[in-house]
Amino acid sequence: MTETEIPEDHPRYASLVTRHRIEAGVERGITSKQGLIAQGRGEAFDYLLGERTLPSADDAARAAAATLLLADRPVISVNGNVAALAPAETVDLAEAVDADLEVNLFNHTDERVRRIADHLRDHGAAEVKGLAGDGEISGLDHARGVVDADGIEAADVVVVPLEDGDRAAALDAMGKTEIVIDLNPGSRSPRTADVPILDNLLRAVPNVTEHARDLADATPAELKRVVDEFDADAALDAAEAAIREGSFADRDADAE
Ligand code: ATP
1 MTETEIPEDH PRYASLVTRH RIEAGVERGI TSKQGLIAQG RGEAFDYLLG
51 ERTLPSADDA ARAAAATLLL ADRPVISVNG NVAALAPAET VDLAEAVDAD
101 LEVNLFNHTD ERVRRIADHL RDHGAAEVKG LAGDGEISGL DHARGVVDAD
151 GIEAADVVVV PLEDGDRAAA LDAMGKTEIV IDLNPGSRSP RTADVPILDN
201 LLRAVPNVTE HARDLADATP AELKRVVDEF DADAALDAAE AAIREGSFAD
251 RDADAE
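Residue 1 is where the sequence shown starts when you use the numbering used here, and the numbers rise one by one after that.
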């Protein structure tokens, strides 16, 4: 079944589209096979969250937008799952906050970086970093730490959707302000982030863009207030509470 053949009124539509995009990403050499496992894990957490954006995740998206608008050198890190799931949305976000896009892979191969960069260009990206590989994230072995010197290495704010915990910790140790998008409030990466967005990438990326457009005319003082008012621990707690205390009966009622 292709994406366009999935009926939009199917009760599992969003989940089927997501699976299809990841599968197509693997077939095109954009997404790694490990990406399928990450997807499965994400899908389970999204199911438990009720496949909705929690108010706390919306606050996080607004804080992320303000953080990006205040940044001097913001970079959005793109891996194989991000490229397969939301290429156009990620390019839109980069444009809205004037950030660089950098392909950065856990299982790095030049070939896959090139394919992802081409895929992003096909979706409107003007420039994509990640091929120079002349910088590093200190504290990691070379294969996992390679980045561009004028990209992630020089960035003050990095958006790392679906990032591995070790790399999130290493970026934090380098003093980067991190915005992490991840559905699992127990994962190390959102727990390391300055701004953890506990939401599905497919909902979170366009939501941050929308907030950025809404905040486009805000003064630096107003943006700073949005950032200061955000509470990362409260956002993690709210997502955990929604997962642990939610009930399938409530969800059925919401859907009616
Ligand atoms: P960590 O090393 O941070 O503890 P982990 O081992 O729990 O991470 P990985 O398997 O490395 O996690 O990466 C998968 C992560 O990506 C999971 O936390 C999963 O919830 C998340 N994820 C997968 N798909 C999505 C998606 N579409 N939107 C948001 N998060 C997602």
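A virtual CB, placed ideally from N, CA and C, is assigned to each residue, including glycine.
Since we're looking at a predicted model, the values are computed, not measured.
- A direct Cα-Cα distance of roughly 7 Å separates residue 187 from residue 165.
- Counted as a single uninterrupted DSSP element, the stretch harbouring residue 6 is not any alpha helix (DSSP H), since DSSP gives it neither H nor E.
- In terms of CA proximity to residue 199, 236 leads the group 236, 134, 216 and 169.
- In the displayed model, residue 102 falls within a strand according to three-state DSSP.
- In this structure, ligand 1 has no non-hydrogen atom nearer than 7 Å to the beta-carbon of residue 30.
- Closest by C-alpha distance to residue 145, out of 40, 103, 184 and 205, is 103.
- Distance from the CA of residue 37 to the CA of residue 43, rounded to the nearest whole angstrom, comes to 10 Å.
- A distance below 8 Å separates the beta carbons of residue 143 and residue 108.
- At a cut-off of 7 Å, the beta-carbon of residue 96 does not count as near ligand 1: no heavy atom of the ligand is closer than that.
- For the region 13-63, the continuous alpha helix (DSSP H) assignments of 4+ residues that do not extend past its boundaries occur at 13-27 and 33-49, in sequence order.
- One alpha carbon belongs to residue 141, the other to residue 105, and they sit about 13 Å apart.
- The Cβ atoms of residue 155 and residue 91 do not sit closer than 8 Å to each other.
- For ligand 1, no non-hydrogen atom lies closer than 7 Å to the CB of residue 215.
- By the neighbour-count definition (other C-beta atoms within 10 Å, threshold 16), residue 80 is a buried residue.
- By the neighbour-count criterion, in which 16 or more other beta carbons inside 10 Å mark a residue as buried, residue 10 falls on the exposed side.
- Residue 74 has 157 as its beta-bridge partners, per DSSP.
- Excluding sequence positions up to five before and after residue 129, its CB lies within less than 6 Å of the CB of 100, 102, 148 and 151, all in the same chain and listed in chain order.
- When DSSP states are grouped into helix, strand and coil, residue 177 belongs to the strand group.
- A direct Cα-to-Cα measurement between residue 205 and residue 5 gives close to 25 Å.
- In the DSSP secondary-structure assignment, residue 137 is not bridged to any residue.
- Per DSSP, reduced to three states, the secondary structure at residue 185 is coil, with no helix or strand assignment.
- Looking at the backbone, the Cα of residue 84 and that of residue 61 are separated by about 21 Å.
- In the three-state DSSP reduction, residue 11 falls in the coil class, being neither helix nor strand.
- Distance from the C-beta of residue 170 to the nearest heavy atom of ligand 1 is not below 7 Å.
- Judged by their CB atoms, residue 239 and residue 56 are nearer to each other than the 8 Å cut-off.
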